[in-house]
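Read through the structure below, which is laid out as structure tokens, and then see the notes.
Right under this line is the structure:
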């Protein structure tokens with residue numbers, strides 16, 4: 034993949050201001066490195082940190098658990114390691130690299146070294162430029178799916194990892210493995226959050 | 354329940370042999386065993402005992418390491434079937450091995466197979482509708498294909514018979530084009546489905562939207578439990594709440610003491626006795642040991658699934674039948690049909706944000722056929738017609754929402770937007786050149802010839818699809834939906850998984866393979882009662898009709914045996 038295409042795929046090319054590395058980001062990169070607390074199967078340490086930082090921005094910890102609390106990054110690494118073929122894995126590496134290059138060019142440093150405000154800008158731009166998933170029925174996409182791009186694909190994986198984690202599935206969402214009767218029409222207020230099993 | 358895996362090696366002679374244990378094979382086994390015939394069921398794959406062999410039935414997503422994801426090895430094993438989008442870790446073990454069992458697609462065709470006891474009765478969609486004379490008379494009236502050798506009145510008692518045993522839920526409507534079954538109480542539509550139903554029925558005279566009629570128990574029935582709305586059916590149901598061979602017909606057959614099931618038994622061919630003018634038995638290959646074994650019986654029921662039954666007949670060559678057993682007409686392998694699929698429309702529904710539902714109802718809605726059902730509804734754009742299935746729910750794809758962060762996270766924990774879709778199932782005409790043939794170049798793992806499939810939807814199906822999409826969009830618009838998307842996604846057969854034909858019934862041995870009781874014209878002790886026997890395809894799901902046809906044919910077989918006619 035050429036670099037322009039790679040940038041386009043990250044969804045960061047259009048509309049983002051080009052910037053050279055600023056003093057600020059140079060200072061940022063000097064800050065103390067945090068070590069990864071888990072051993073990835075697929076990601077390099079830097080890639081794992083990038084994905085960790087990204088999913089943390091998408092689904093942060095609040096009064097409910099965030100993506101990192103339920104180890105979404107660990108699960109994403111496992112899925113790529115165990116279900117992607119070699120080509121898919123290589124593309125994932127390229128995508129993460131391209132994402133960081135785009136961050137570098139547009140915001141002055143790789144994603145992990147940007148502060149939270151800058152990271153949010155990266156995500157805002159990516160939300161605007163990333164492709165959207167076509168709807169699907171019965172397991173299959175409707176129509177010709179345009180390329181999704183790295184950001185929304187990773188966001189989708191983060192949501193999947195989050196929603197299917199045991200903590201969210203059993204403690205945050207409404208967990209009802211054996212519903213018994215079907216109740217056709219109930220007020221949302223009766224349950225609050227959505228059912229955990231689809 | 355006792356172990357099914359009985360050593361069939363010592364005994365090689367039976368009253369009846371049933372090839373295959375899926376929806377129709379299970380019924381054949383039950384009926385023949387209950388009438389006192391010592392019956393051998395030959396199953397290509399392993400034993401799957403009800404409940405005992407449903408390893409994933411209670412697993413939550415987080416209970417499996419990849420939460421549904423398939424490894425590259427699993428993806429390779431199911432490289433054809435995976436196109437359906439239905440295979441995950443929860444059901445992977447119930448889908449056939451595409452590498453060991455190859456097939457060749459001259460044109461794109463998805464052939465989904467379940468090689469285990471129970472076959473696809475474990476995996477099916479469970480929509481159950483009677484066919485009507487609109488279907489049984491269709492070929493005779495518009496001249497496509499050959500006439501069915503039976504009418505609704507011939508099969509009606511057998512619909513009732515199988516429905517009472519299987520347990521079919523639904524609501525009676527008295528529609529001539531979709532006769533009512535013998536029903537258990539219907540399932541219920543959710544708020545949005547009811548809303549859409551009311552709008553469609555108000556706006557469009559002659560169109561009905563009903564809750565799906567389905568083989569799920571809504572009350573306990575024949576010792577089986579009622580549906581618990583888990584929607585994990587395809588993993589096997591611990592309550593036995595949906596119809597499968599494993600939970601319904603095979604236990605009944607087993608209870609008679611007359612049933613022997615031999616797993617890992619690949620039927621290679623039928624043995625034809627030229628002198629007696631009938632089949633003497635079958636040759637099998639043991640899938641595990643590669644041993645060749647012959648079994649003999651007075652009658653043989655072919656229920657290996659539409660294409661597999663035909664494959665066995667094509668491969669049963671003798672001096673009398675050089676081109677396959679029962680192929681005097683040259684129609685064996687021809688007139689393959691399926692329903693068109695994934696053509697329709699979807700949209701979102703406003704005004705119900707404070708409404709939700711409880712339970713994962715394993716059923717949707719149905720819109721019965723409304724074109725070409727009488728003079729008033731006749732169109733010159735196409736012959737035959739279509740029905741819709743669909744459903745409404747609150748799912749959505751939050752990944753598409755242009756947002757992230759704390760508020761976004763809160764939003765995805767809430768019920769998604771209300772969405773509703775309908776997708777049409779169109780009748781496919783029986784075309785002689787939509788066919789399967791034996792492929793001696795590509796052999797399966799056991800050195801047997803495989804099938805080449807050469808089939809496509811043609812002008813009439815395409816014209817119906819166009820109407821399906823137009824009508825779907827119009828109905829959703831009139832029902833007040835937003836963000837409506839019309840779609841027409843599949844242009845090749847197989848995806849509907851309603852493959853029918855290739856050994857059709859007919860009145861004339863010159864143009865058909867089977868007679869009115871599913872007997873091979875020139876080998877009256879061979880019965881084919883799975884989808885292969887179908888003379889036309891209706892637009893209605895076929896499984897209930899397979900059940901009724903099988904029970905009827907088994908009854909006829911017993912009666913002919915008693916009269917010593919076969």
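Chains as they are written, first to last, in this note's numbering: chain U, 34 to 231; chain G, 354 to 919. Every residue gets a Cβ at the ideal spot worked out from N, C-alpha and C, and that includes glycine. The model shown is predicted, which means the values in this text are computed figures rather than measured ones.
Three-way DSSP call (helix, strand, coil) for residue i in this model
{"i": "residue 768 (chain G)", "result": "coil"}
{"i": "residue 696 (chain G)", "result": "strand"}
{"i": "residue 499 (chain G)", "result": "coil"}
{"i": "residue 417 (chain G)", "result": "coil"}
{"i": "residue 171 (chain U)", "result": "coil"}
{"i": "residue 671 (chain G)", "result": "coil"}
{"i": "residue 22 (chain U)", "result": "With chain U represented from 34 up to 231, any question about residue 22 (chain U) goes unanswered, as that position is not in the structure."}
{"i": "residue 55 (chain U)", "result": "Low local confidence applies: a pLDDT of 39 at residue 55 (chain U) is under 50, so the model's placement there is unreliable, with the coordinate-based value given in what follows. In this structure, residue 55 (chain U) counts as coil in the three-state DSSP scheme."}
{"i": "residue 711 (chain G)", "result": "strand"}
{"i": "residue 462 (chain G)", "result": "coil"}
{"i": "residue 893 (chain G)", "result": "coil"}
{"i": "residue 75 (chain U)", "result": "coil"}
{"i": "residue 473 (chain G)", "result": "helix"}
{"i": "residue 367 (chain G)", "result": "strand"}
{"i": "residue 398 (chain G)", "result": "coil"}
{"i": "residue 571 (chain G)", "result": "coil"}
{"i": "residue 451 (chain G)", "result": "coil"}
{"i": "residue 756 (chain G)", "result": "coil"}
Buried versus exposed call for residue i [16 or more other C-beta atoms within 10 Å across all chains shown]
{"i": "residue 160 (chain U)", "result": "buried"}
{"i": "residue 906 (chain G)", "result": "buried"}
{"i": "residue 847 (chain G)", "result": "buried"}
{"i": "residue 834 (chain G)", "result": "buried"}
{"i": "residue 193 (chain U)", "result": "buried"}
{"i": "residue 401 (chain G)", "result": "buried"}
{"i": "residue 64 (chain U)", "result": "Model confidence at residue 64 (chain U) stands at a pLDDT of 45, short of 50, so the residue's coordinates are unreliable and nothing is read from them."}
{"i": "residue 453 (chain G)", "result": "exposed"}
{"i": "residue 582 (chain G)", "result": "buried"}
{"i": "residue 432 (chain G)", "result": "exposed"}
{"i": "residue 915 (chain G)", "result": "exposed"}
{"i": "residue 172 (chain U)", "result": "exposed"}
{"i": "residue 841 (chain G)", "result": "buried"}
{"i": "residue 917 (chain G)", "result": "exposed"}
{"i": "residue 664 (chain G)", "result": "buried"}
{"i": "residue 785 (chain G)", "result": "exposed"}
{"i": "residue 220 (chain U)", "result": "exposed"}
{"i": "residue 491 (chain G)", "result": "buried"}
Limits of the unbroken alpha helix (DSSP H) element including residue i
{"i": "residue 826 (chain G)", "result": "812-831"}
{"i": "residue 130 (chain U)", "result": "119-140"}
{"i": "residue 549 (chain G)", "result": "544-556"}
{"i": "residue 789 (chain G)", "result": "No alpha helix (DSSP H) holds residue 789 (chain G); the beta strand (DSSP E) holding it covers 788-796."}
{"i": "residue 486 (chain G)", "result": "486-489"}
{"i": "residue 604 (chain G)", "result": "603-608"}
{"i": "residue 383 (chain G)", "result": "376-387"}
{"i": "residue 184 (chain U)", "result": "183-196"}
Delimiting residues of the beta strand (DSSP E) encompassing residue i
{"i": "residue 719 (chain G)", "result": "718-720"}
{"i": "residue 613 (chain G)", "result": "612-615"}
{"i": "residue 23 (chain U)", "result": "This structure cannot settle anything about residue 23 (chain U), because the visible part of chain U is limited to 34 through 231."}
{"i": "residue 520 (chain G)", "result": "Careful: residue 520 (chain G) lies outside any beta strand (DSSP E) and carries neither H nor E."}
{"i": "residue 334 (chain G)", "result": "Since the first residue shown for chain G is 354 and the last is 919, residue 334 (chain G) is missing from the structure and cannot be characterised."}
{"i": "residue 862 (chain G)", "result": "Where residue 862 (chain G) is concerned, there is no enclosing beta strand (DSSP E), given that its DSSP letter is neither H nor E."}
{"i": "residue 655 (chain G)", "result": "645-655"}
{"i": "residue 504 (chain G)", "result": "Premise fails: residue 504 (chain G) is in no beta strand (DSSP E) and is neither H nor E."}
{"i": "residue 432 (chain G)", "result": "Run containing residue 432 (chain G): none; DSSP gives neither H nor E here."}
{"i": "residue 742 (chain G)", "result": "739-747"}
Residue-level contact to chain B via CB, residue i, 8 Å cutoff
{"i": "residue 218 (chain U)", "result": "In the displayed structure, chain B is absent; the protein chains listed are U and G."}
For residue j and residue i, believed in contact at Cβ under 8 Å, the rounded distance
{"i": "residue 858 (chain G)", "j": "residue 380 (chain G)", "result": "Wrong, their Cβ atoms sit about 17 Å apart, outside the cutoff."}
{"i": "residue 113 (chain U)", "j": "residue 166 (chain U)", "result": "Contact doesn't hold; Cβ gap of about 19 Å is too wide."}
{"i": "residue 831 (chain G)", "j": "residue 554 (chain G)", "result": "With a Cβ gap of about 11 Å, residue 831 (chain G) and residue 554 (chain G) do not count as contacting."}
{"i": "residue 457 (chain G)", "j": "residue 417 (chain G)", "result": "Going by Cβ atoms, the distance from residue 457 (chain G) to residue 417 (chain G) rounds to 34 Å, so no, they are not a contact pair."}
When you check each C-beta in the segment 730-762 of chain G against every C-beta of chain U, which residues fall closer than 8 Å? Closer than 8 Å at the C-beta level to chain U, one finds these residues of the segment 730-762 of chain G: 747, 748, 750, 751, 752, 753, 755, 756, 757, 758, 759, 761, 762.
Taking only beta carbons into account, state which residues of the segment 404-428 of chain G come closer than 9 Å to chain U, listed in chain order. In summary, the residues of the segment 404-428 of chain G whose CB is separated from some CB of chain U by less than 9 Å are 411, 413, 414, 415, 416, 418, 419, 420, 421, 422, 423, 424, 425, 427, 428, in the order they occur in the chain.
Interface residues of the segment 579-590 of chain G facing chain U [CB-CB below 7 Å]: For the segment 579-590 of chain G, which is checked against every Cβ of chain U, the residues closer than 7 Å are 581, 582, 583.
Any C-beta of chain U within less than 7 Å: which residues of the segment 541-568 of chain G qualify? Against chain U - using a Cβ distance shorter than 7 Å - the residues of the segment 541-568 of chain G are 541, 542, 543, 544.
Near-chain U residues of the segment 695-729 of chain G - C-beta to any C-beta below 7 Å: If the cut-off is 7 Å between Cβ atoms, the segment 695-729 of chain G has 695, 699, 707, 708, 709, 710, 711, 712, 713, 714 near chain U.
At a Cβ cut of 8 Å, what residues of the segment 151-167 of chain U count as close to chain G, listed as they run along the chain? Those would be 153, 156, 160, 161, 165, 166, in chain order.
Could you please tell me which residues of the segment 830-844 of chain G, in chain order, have their CB closer than 7 Å to any CB of chain U? Interface annotation for the segment 830-844 of chain G against chain U: 838, 840, 842, criterion Cβ-Cβ distance under 7 Å.
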